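What follows is one structure encoded as structure tokens, with my remarks underneath.
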Amino acid sequence: MLNIVVLVSGGGTNLQALLDAERAGQIPGGKITCVIASRPDAYALTRAENAGVPTRVLARREYPDVHAYSRAMVQALQEEKADLVIYAGFMTILDESVCRAFANKMMNVHPALIPSFCGKGYYGLHVHEAALKKGVKVSGATVHFVTEECDGGPIILQKAVAVEEGDTPETLQRRIMEQAEWKILPRAAALFCAGRLRVEDGIVHILEENGRDGKEKQNGTF
Ligand code: GAR
């Protein structure tokens, strides 16, 4: 059983989706063993407590810079024996030392179809404001591995969601959460815990349940 540590900063609806999926037996190879918040007032902490999951607060404002904060985070993740780290609405930047310590073991959910509306400054409602300003007719969500490049790591899963006439950033955010984020984040965690994600040259291949991947099958290797 792999230890899953979830990092949060806010309301925690993505954390809730993970907790619900775990309870429903949809992440058979993993257990959410700790939730770490970057803010003491994050409602996600209450969700974790309600589910009986241990919590920690690593308040960003108590550290002088991103490097000191990142060192503390690596230490906390090692103490928790994290096998998989999930950013679920985690809004704090960590430096490359964290990415190196947990390479291909950290995933993030982003509320757009990367490479659209991502990178520095694109977080939370800002992402949906930008999508509506551009007039895109389709947006969605992406789960990707975390690398040093903000929102630039290998893409694990994506799901498209229609933009509707009259959408506000809030209505679009909610539809993308309901139809995409809350589905693909638990699914990505389950695939990871089942050992079904293989990263090769920056591309994620999803192995079949028997450990084979589509590419090998297509090539007739099996
Ligand atoms: C979610 O929409 C998540 O995708 C986004 O913030 C929201 C957090 O909601 N994350 C980012 O923008 C990260 N770049 P939640 O706290 O209810 O899960």
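The sequence shown begins at -9 in this note's numbering and counts up by one. Ideal placement from N, C-alpha and C gives every residue a C-beta, glycine not left out. Quick caveat, the model's predicted, so the values are computed rather than measured.
| message | Considering only the alpha carbon of each residue, which of 150, 111, 69, 116 lies closest to residue 127? | response | 150
| query | Going by Cα to Cα distance, which pick from 7, 49, 114 is closest to residue 175? | reply | 7
| query | Looking at C-beta atoms only, is the number of pairs between the stretch 7 to 23 and the stretch 79 to 94 that lie closer than 8 Å three or more? | reply | no
| request: Tell me the start and end of each unbroken beta strand (DSSP E) in the stretch 112 to 154 that is at least 3 residues and wholly inside, in chain order. | output: 128 to 135, 145 to 152
| task | Using three-state DSSP, classify residue 175 as helix, strand or coil. | result | helix
| Tell me which same chain residues have a C-beta within less than 7 Å of the C-beta of residue 173, skipping the five on either side of it? | 149
| message | By alpha-carbon positions, which one of 12, 1, 61, 0 ends up nearest to residue -8? | response | 12
| request: Taking residue 214 and residue 118 to be in contact with their CB atoms under 8 Å, please state how far apart those CB atoms are, rounded to whole angstroms. | output: Residue coverage of the chain in this structure runs from -9 to 212, which leaves residue 214 outside it and unanswerable.
| field | residue 77: first and last residue of the uninterrupted alpha helix (DSSP H) it sits in | value | Element bounds for residue 77: not the alpha helix (DSSP H) but the beta strand (DSSP E), 74 to 77.
| query | Where residue 157 and residue 122 are concerned, what is the direct C-alpha to C-alpha distance, given to the nearest angstrom? | reply | 8 Å
| the stretch 55 to 64 in contact with the stretch 93 to 112 per 3-pair CB rule at 8 Å | no
| query | Within the present structure, is the beta-carbon of residue 117 separated from the nearest heavy atom of ligand 1 by less than 7 Å? | reply | yes
| request: Keeping to the same chain, check which residues put their C-beta closer than 7 Å to that of residue 136; ignore five residues upstream and five downstream. | output: 77, 89, 96, 97, 98, 143
| Going along the chain, which residues of its own chain have a beta-carbon closer than 7 Å to the beta-carbon of residue -4, five neighbours each way excluded? | 5, 8, 22, 25, 76, 78
| Going by the C-beta, is residue 74 closer than 7 Å to any heavy atom of ligand 1? | no
| said: Going residue by residue through the stretch 26 to 67, where are the continuous beta strand (DSSP E) segments of at least 3 residues, counting only ones entirely within it? | reply: 45 to 47
| Given a threshold of 16 other Cβ atoms within 10 Å of its Cβ, counted over all protein chains shown, does residue 178 qualify as buried or as exposed? | buried
| Tell me which same chain residues have a C-beta within less than 7 Å of the C-beta of residue 192, skipping the five on either side of it? | 144
| Tell me which same chain residues have a C-beta within less than 6 Å of the C-beta of residue 1, skipping the five on either side of it? | 33
| message | Helix, strand or coil, according to DSSP, for residue 188 in the structure here? | response | strand
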